[in-house]
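These protein sequence lines are chains A and B, in that order.
Following UniProt numbering, the numbering of the first sequence begins with 1 at its first residue and continues without gaps.
Following UniProt numbering, the numbering of the second sequence begins with 1 at its first residue and continues without gaps.
Built from N, CA and C at the ideal position, the CB exists for glycine as well.
Number of protein chains: 2
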Amino acid sequence: MDQTRRRRGSTLEEAIVEAAWDELREAGYAKATMNNIARRAGTSKHVLYRRWKNQPELFLAALKRFAATADVPDTGDVRDDLVALLGRIRQVFDLLPGDLISGLITDSRNDAVLFDEVRTYVMGEGVHDVTRVILRRAADRGQIEPGLPAARILRLPIDLLRNEYLMSRGPLPAETVTEIIDDIVMPLLRPAARR
Amino acid sequence: MDQTRRRRGSTLEEAIVEAAWDELREAGYAKATMNNIARRAGTSKHVLYRRWKNQPELFLAALKRFAATADVPDTGDVRDDLVALLGRIRQVFDLLPGDLISGLITDSRNDAVLFDEVRTYVMGEGVHDVTRVILRRAADRGQIEPGLPAARILRLPIDLLRNEYLMSRGPLPAETVTEIIDDIVMPLLRPAARR
DNA sequence: GACGATAAGGAACCGTTGGGTCCTTACATG
DNA sequence: CATGTAAGGACCCAACGGTTCCTTATCGTC
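This is how it looks when you write it as structure tokens:
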């Protein structure tokens, strides 16, 4: 940009990641190109490939940088906490290029290391930590059975929302969140309760 | 193949779809090329593009042709029926090129018509009809509450299995099926029952 | 303050791929 | 047997990911 000022290190790196994100937002995963990203960042492909060994790797970096993890809601009620959590994730999904997640999953499938990174970030432990905190609090309050539920139940809320997101085009309706929580998750958390 | 015999119509079409499937199986979604498919089928790209307007369209045709829908298990018990159903689907998943489904989802995202076709086939009504029959029978036998459960619960078994498949590389372990059914689905079907 | 290693800028290049054109020739139909 | 349709096949094109090479600015070190 500034003709005679040559950026280096993390300054340059951030500019590139930001450019990648802009390109992803505007063109989508499928049509985003390394050339465009380089041009946007005011640099050359050379520099991109020095830092990331291929396109998906850079795209993942961009995703990591811009889709921050949500903090833990604390309303005093499990159900409301879960609704709030999924609500926020739904909003994040809305900001994502529609084909980013599925594209990343597809393209990282022949690279075990990258796939695991994608997996960890998009659907791995980190994401479910928040749910774990919510459920532990609920157990402490006596709203659900003591102790944590089975791993699969813990993952359920986010798995179901992500599933819904991957299987649809365009933004998710708000009811999706409440349906998932009220029809599926809550009945599993209150074992022999109402209804 | 046969030098002087020129195939036409459905004969040729089937040969192409079969070639596409072979190519998909051997190269995977990401690396399968139209050129290779044409060569395998002993024809030219010209002929492919006369029938399918682009690559994903042909790939979807190949998927439709080779991944037949399972028939309805009938063991006399809901739980066993569901386990059998998911078990079969799991086997089908094993035969699929690992990146086919997610690739199709990614690439069809900018074509509403195609996406809907993928959606209908991969995750649409047709797939859940089998579950519906199983549950209706169970309700008739009095094993679960009368009437069909909420749409979301009905879709749950297959949604969860597909989710597991999309989010992992390599074949799914058999326990996945029983865990999904026993930890999640069954407790939701027997409302105020055991545990 | 001078110097050398490092890395940025920039352009050109390569191989592959999806998609398309054009011409020749086989075949099914009337 | 004549004719329209479509298969076969070669060739072309633009775009893209990835690579290479050369020039030049910047940073750390002496």
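Item: Starting from D129/B and walking both ways along the alpha helix (DSSP H), at which residues does that stretch end?; Value: 125-141
Item: Quick one: what's got a C-beta closer than 6 Å to A19/A's C-beta in the same chain, skipping five residues either side?; Value: I37, R40, A41
Item: Looking at R152/B: is its Cβ nearer than 8 Å to the Cβ of E179/A?; Value: yes
Item: Output, in chain order, the set of chain A residues within a Cβ distance shorter than 7 Å of M167/B.; Value: R119, M123
Item: Does DSSP put V118/A in a helix, a strand or coil?; Value: helix
Item: List the residues of chain A whose Cβ lies closer than 7 Å to the Cβ of R152/B, in chain order.; Value: E179, D183, I184
Item: Starting from the C-beta of R25/A, find all residues in its chain whose C-beta is less than 7 Å away, skip the five residues before and the five after it, and write them out in chain order.; Value: P97
Item: Establish whether the CB of T106/A and some CB of chain B are separated by less than 8 Å.; Value: yes
Item: Closest Cβ-Cβ distance between F115/A and chain B: below 8 Å?; Value: yes
Item: The alpha helix (DSSP H) with L189/A in it runs from where to where?; Value: 186-189
Item: Buried or exposed for A138/B, please, with buried defined as at least 16 other CB atoms from any protein chain shown within 10 angstroms of its CB.; Value: buried
Item: Check whether the Cβ of G98/A lies closer than 8 Å to any Cβ atom in chain B.; Value: yes
Item: State yes or no: is the beta carbon of N54/B nearer than 8 Å to at least one beta carbon in chain A?; Value: no
Item: Suppose you measure from the CA of L104/B to the CA of R119/A; what does that come to, to the nearest Å?; Value: 19 Å
Item: Could you work out which residue in T176/A, G147/A, K53/A, L60/A is closest to I134/A when comparing CA atoms only?; Value: G147/A
Item: Indicate the three-state DSSP secondary structure (helix, strand or coil) for W21/B in the structure shown.; Value: helix
Item: Which residue wins for smallest C-alpha separation from Y165/B, given the options G9/B, S102/B, R79/B?; Value: S102/B
Item: For E145/A, name the three-state secondary structure that DSSP assigns.; Value: coil
Item: Restricting to runs no shorter than 4 residues, where is the alpha helix (DSSP H) found entirely within the UniProt DNA-binding region "H-T-H motif" (33-52) of chain B?; Value: 34-40, 45-51
Item: With a threshold of 7 Å, establish whether the CB of S108/A neighbours any heavy atom of the ligand MG.; Value: In the structure shown, the ligand MG is absent, as is every other ligand, since no ligand is present at all.
Item: Whose CA, out of V17/A, Q143/A, V83/A, D99/A, lies closest to the CA of I158/A?; Value: V83/A
Item: Kindly indicate the opening and closing residues of the alpha helix (DSSP H) around V177/B.; Value: 175-179
Item: I'd like to check one pair, L156/B with I181/A: are the Cβ atoms closer than 8 Å?; Value: no
Item: Between which two residues does the alpha helix (DSSP H) harbouring R81/A extend?; Value: Note on identity: in this sequence residue 81/A is Asp, with Arg being the wrong assignment. Per DSSP, D81/A belongs to the alpha helix (DSSP H) from 78-95.
Item: According to DSSP, is V113/B part of a helix, a strand, or is it coil?; Value: helix
Item: For E23/B, collect the residues of the same chain with a Cβ closer than 7 Å to its Cβ; drop the 5 residues on either side in sequence, then sort them by chain order.; Value: A32, N36, I37, R40
Item: Helix, strand or coil for T11/B? Go by DSSP, reduced to three states.; Value: helix
Item: Would you say M1/A reaches chain B, if we count a Cβ-Cβ gap shorter than 8 Å as a contact?; Value: Note that M1/A scores a pLDDT of 40, beneath 50, so its modelled location is shaky; the value from the coordinates is reported in the next line. Closer than 8 Å: no.
Item: Output, in chain order, the set of chain B residues within a Cβ distance shorter than 9 Å of A30/A.; Value: T106, D107, R109, N110
Item: Hey, does P187/B have any beta-carbon neighbour from chain A nearer than 8 Å?; Value: yes
Item: In whole angstroms, what is the alpha-carbon distance linking R190/A and E117/B?; Value: 38 Å
Item: What separation, rounded to the nearest whole angstrom, lies between the Cα atoms of D129/A and Y121/B?; Value: 34 Å
Item: List, in order along the chain, the chain A residues whose C-beta lies closer than 7 Å to that of G103/B?; Value: T106
Item: Chain A partners of N36/B, CB-CB under 8 Å?; Value: Simply none; closest approach about 17 Å.
Item: Measuring only between beta-carbons, confirm whether L156/B sits less than 8 Å from chain A.; Value: yes
Item: Do R90/A and L161/A have their CB atoms nearer than 8 Å?; Value: yes
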